[in-house]
Ligand code: SRM
Ligand SMILES: Cc1cc2nc3c(=O)[nH]c(=O)nc-3n(C[C@H](O)[C@H](O)[C@H](O)COP(=O)(O)OP(=O)(O)OC[C@H]3O[C@@H](n4cnc5c(N)ncnc54)[C@H](O)[C@@H]3O)c2cc1C
Ligand code: SF4
Ligand code: FES
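Chains as they are written, first to last, in the working numbering: chain A, 763 to 1597; chain B, 54 to 164.
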């Protein structure tokens, strides 16, 4: 290990450090033996090796090392020796005096001299300040406890390694680059690590939500606990750190707390010397401070209003500085930066502005089998930002395009596939680009299918994407090469390509059926997960796919899936029907069309109390109160709940009404208790979410007063039992039901109803009502599944009832109790008078 | 000079959602938060038939109007695709976690 450096703090004042007396060159003194300070000296030596005599002061007792490699050292992937940039020999060879372990404590600009902690005073002709940054420590109680550290230098790494040697729990505060690298290192060293991050997305300044989500999942899979949206209240412990308390009251035990929430330029020395300091030490384009003999470089400076926290800008700064010191005036113009996370096995890259927006075009590629997410943001035919997860090989290339502002119009369609594809011949047209690929160029990475094989498959008769997928497996796995295969089809067949089944929406190349199948097959659990696994081409979907995905997940994971409110259409989010003037209508459930004085009174009271402009009887046998403002909805619901009424779901892709007629109780033709059966059916089915709305009716005899034959599920009572009908609707294209079967008992009618609903819930496409669904799959198929397959029917019924056990909570009641109050309230009101 | 009004914090608005700001005697303003935590403000009226945009589904940097599903760009207020029309935008900026909207502009647009 190259640590045999004079440590002046221990050695006391040495007198042999002054250069030979005959050295009459100007004296450059550098404060800070870090990455920028030494690089500046290197640049200077390269430009004019003999012009200055150089002395470097360093607070740390080491030679110059590569600070960014502290992360791999912590993780055990590198040793200190591996990360030394300039060994003792370099200082000697270049006649540089290194005074390590002895920080400069004062600058006297009048005398042109610096003083160090050990009392040494050294005169300078030019002074270079390169003091870097100080870690920011959040001002919470307990921040001074032993065991609370930052992650900045070799000493911090030593402390962490010592703590890790004892095992136990560690908390890292801050889910940015530094925090995650610390967490990774500590995990590798055997500690149980929890990361506390204030924002909802990890590395939110470098990553978009999709990439942040992938990163979080990957880290969790490696055993870390990641708490996002978590706010630290205090660090507690008796004499040493014992844990971290969050603002929400949670306690997380820890014997080590690493704060990695940010850095501040180290400017104290410069400030005390009277130099101009803002956020950082102010410098001009040649890194000169407000004093012409004092320069500054690195993280401690502010140039043109910017401060930097990465090394790339330092290199540019050092070059300009050396140019200035040797009278070559290039000038620093600021830097564009890119970020890479140094966690083994996790490739993350980001650069530029990837937040997208108006005039920006997002090109997204998701390759689930390889765990890849790539997003390139293009504006006015130029790359302005990129986020890469999982495959960062092209990061440098995108960054280069970005910095040069190169016009990418010509390679637009192949840009996302990376440099190898996009600049393959610089062909202006994707067809030509694909045609130009050699026969053994790989098209499908997942299945290792070459262009030649795809073309052969097409030649053998495959004339659609599906046929190619079936024939040679290209594009059959993750689908990220679908565009290429389609281009090959077009190039090979011209106009003879058959377009496949309709995709779900413009965000994906998968159909509804594919998506549903894959959700179940891959046990997917959230919308971002589906979008990644099925390579959605937009960052967060659209108003057509998001509600569908939300439903598919809800249906696949009853009781487990966390409903995403923001992926629901307004009516389902507000549990009321939006009207053309932005107010809402409220329809309480009236079981089977029955009501009573108490309910009617409560409705009458609501109408008066909230000045509802209209109340009417609906076509679904219940009462609709119109003109309620979103602010008043919770109060209206509370009043209706008080009278025993719950949501009627008149707003939902869900069970709407069960219409009944009076039946055998009163009617002279009635054969069975159609009203009672209707009420029981509604009690069983209310609250369920469906692909589309679902209506039921029960008529007491074939005269069918409840219009059961234009309902999704209709029951017509006859003397000998119950006729079951399915797949009817009113609407623009009226469709009368198909006859399903006849059953003998009420219970059987209920059981068949539950089974039918579940089959529809599991297999229909979102927004496909039972009528078009049955036209598509055929009534015979439905009969096979419901009537002929008894165990199958039982299974469907059981699954429906299981799902219902989670969905029969009145959504109005929880809103009336205050849940999601923000959906109903304005942000603070503002008076206009202030204008 | 723009007069900025503090209307609340980022956390007050659901991700991919919106909240409204009521301005005495003028039209409500809808303040949107996108999936990537950008904030935009528009007069809460669709250029088509005045649908309350705050109640739409927010995707990317757009919102789908809840009434007839027009897509409105949040940054410009422009209807997208084949539809034509524009909703006035209100200058908005973030200061740390706080959200501020521009007073004079919003008053004029909303008046
Ligand atoms: C309120 C009501 C009219 C009334 O005042 O009676 C009504 C109102 C609406 N109907 Fe209806 N339908 C109402 C009974 C019916 C009926 C009668 C019935 O259920 O027996 C039918 C024919 C049966 C059927 O559904 O097939 C009916 C067939 C439709 C259709 C056509 C459905 C189809 O599959 O083609 C639509 C359009 C749609 O859903 O896409 C529709 C759509 C609508 C919408 C949701 C339009 C919309 O999207 O905004 C209306 C919402 C009004 C609101 O904001 O409250 N409404 N609608 C009835 C509410 C019943 C209830 O208590 O929940
Ligand atoms: C763990 C870690 C990982 C990182 N990873 C990356 C990465 O992947 N990519 C990237 O671009 N950047 C990364 N960085 C940031 C990068 O290391 C810094 O941008 C860079 O080191 C800044 O250089 P500097 O010379 O300005 O400051 P430093 O390298 O911190 O050097 C300043 C030196 O000055 C010394 N000093 C301070 N005051 C005095 C004084 N009064 N007297 C004498 N000496 C003094 C300090 O002790 C220090 O040695 C990482 C940083 C850390 C801590
Ligand atoms: S269903 Fe038949 S029995 Fe019942 S009310 Fe209608 S006509 Fe009368
Ligand atoms: S009012 Fe917005 S789309 Fe019609």
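All C-beta atoms, glycine included, are put in the ideal place defined by N, C-alpha and C. This one's a predicted model, so the numbers in the text were calculated from it and none came from an experiment.
Applying the criterion that 16 or more other CB atoms from any shown protein chain within 10 Å of the CB defines a buried residue, is residue i buried or exposed?
i: residue 1563(A); result: exposed
i: residue 1160(A); result: buried
i: residue 1012(A); result: exposed
i: residue 55(B); result: exposed
i: residue 139(B); result: exposed
i: residue 1543(A); result: exposed
i: residue 1431(A); result: exposed
i: residue 1376(A); result: exposed
i: residue 1428(A); result: exposed
i: residue 1393(A); result: exposed
i: residue 82(B); result: buried
i: residue 1482(A); result: exposed
In whole angstroms, what separates the C-alpha of residue i from that of residue j?
i: residue 1245(A); j: residue 1226(A); result: 13 Å
i: residue 61(B); j: residue 1343(A); result: 27 Å
i: residue 1456(A); j: residue 75(B); result: 37 Å
i: residue 1540(A); j: residue 1288(A); result: 32 Å
i: residue 1598(A); j: residue 1297(A); result: Look at the range of chain A in this structure, 763 to 1597, and you will see that residue 1598(A) is not part of it.
i: residue 1579(A); j: residue 1404(A); result: 12 Å
i: residue 1005(A); j: residue 967(A); result: 27 Å
i: residue 1126(A); j: residue 1180(A); result: 12 Å
i: residue 1484(A); j: residue 1517(A); result: 16 Å
i: residue 1230(A); j: residue 1221(A); result: 10 Å
i: residue 933(A); j: residue 982(A); result: 14 Å
i: residue 1522(A); j: residue 132(B); result: 36 Å
i: residue 1079(A); j: residue 1150(A); result: 27 Å
i: residue 1356(A); j: residue 1519(A); result: 23 Å
i: residue 1535(A); j: residue 79(B); result: 47 Å
i: residue 1247(A); j: residue 1237(A); result: 7 Å
i: residue 1309(A); j: residue 1348(A); result: 22 Å
i: residue 990(A); j: residue 955(A); result: 14 Å
i: residue 1441(A); j: residue 1513(A); result: 15 Å
i: residue 1250(A); j: residue 1216(A); result: 8 Å
i: residue 931(A); j: residue 913(A); result: 17 Å
i: residue 1137(A); j: residue 69(B); result: 19 Å
i: residue 1529(A); j: residue 1487(A); result: 21 Å
i: residue 876(A); j: residue 868(A); result: 6 Å
i: residue 1316(A); j: residue 145(B); result: 36 Å
i: residue 905(A); j: residue 1017(A); result: 13 Å
i: residue 1327(A); j: residue 1314(A); result: 14 Å
i: residue 1557(A); j: residue 1551(A); result: 10 Å
i: residue 1135(A); j: residue 1143(A); result: 21 Å
Quickly, what does DSSP pair residue i with across the bridge? List them, please.
i: residue 119(B); result: Answer by DSSP bridge pairing: none, since residue 119(B) is not bridged.
i: residue 1409(A); result: 1350(A)
i: residue 912(A); result: 1021(A)
i: residue 977(A); result: Note: residue 977(A) sits in no beta bridge, so no partner.
i: residue 1015(A); result: 1005(A)
i: residue 60(B); result: Residue 60(B) is not bridged to any residue.
i: residue 1451(A); result: 1416(A)
Which chain D residues are close to residue i, counting only those with a beta carbon under 8 Å from its beta carbon?
i: residue 1328(A); result: In the structure shown, chain D does not exist; the protein chains are A and B.
Inset, instruction - Spell out a yes or no on whether the segment 993 to 1013 of chain A and the segment 966 to 977 of chain A are touching, meaning 3 or more CB-CB pairs, one atom from each, closer than 8 Å. - result: No, because fewer than three Cβ pairs between the segment 993 to 1013 of chain A and the segment 966 to 977 of chain A fall closer than 8 Å, the two stretches do not touch.
Legend entry - Contact the segment 1331 to 1340 of chain A vs the segment 1366 to 1375 of chain A: 3+ CB pairs below 8 Å: No, because fewer than three Cβ pairs between the segment 1331 to 1340 of chain A and the segment 1366 to 1375 of chain A fall closer than 8 Å, the two stretches do not touch.
Legend entry - Chain-ordered residues, beta carbon under 5 Å from a heavy atom of ligand 4: Cβ-based neighbours of ligand 4 within the cut-off: 99(B), 101(B), 102(B), 104(B), 118(B), 120(B), 121(B), 123(B).
Legend entry - Inter-stretch contact (C-beta, 8 Å, three-pair minimum) for the segment 1073 to 1091 of chain A and the segment 909 to 927 of chain A: Short answer: they don't touch.
Inset, instruction - Report yes or no: do three or more beta-carbon pairs, one from the segment 1464 to 1477 of chain A and one from the segment 1545 to 1557 of chain A, lie closer than 8 Å? - result: Of all C-beta pairs linking the segment 1464 to 1477 of chain A to the segment 1545 to 1557 of chain A, fewer than three are shorter than 8 Å, placing the two stretches out of contact.
Inset, instruction - Evaluate the contact criterion for the segment 862 to 869 of chain A versus the segment 818 to 825 of chain A: three or more CB pairs, one atom per stretch, below 8 Å. - result: The segment 862 to 869 of chain A vs the segment 818 to 825 of chain A: in contact.
Inset, instruction - May I ask you to verify whether the segment 839 to 858 of chain A touches the segment 870 to 884 of chain A, counting CB pairs closer than 8 Å and requiring at least 3? - result: The segment 839 to 858 of chain A vs the segment 870 to 884 of chain A: no contact.
Inset, instruction - Please confirm if the segment 106 to 122 of chain B is in contact with the segment 146 to 153 of chain B, defined as three or more CB-CB distances below 8 Å between the two stretches. - result: Judged by Cβ distances under 8 Å, the segment 106 to 122 of chain B makes no contact with the segment 146 to 153 of chain B, as fewer than three pairs qualify.
Legend entry - Meets three-Cβ-pair contact criterion under 8 Å: the segment 1061 to 1081 of chain A and the segment 1104 to 1115 of chain A: Using a C-beta cut-off of 8 Å, the segment 1061 to 1081 of chain A makes no contact with the segment 1104 to 1115 of chain A, since fewer than three inter-stretch Cβ pairs fall below that distance.
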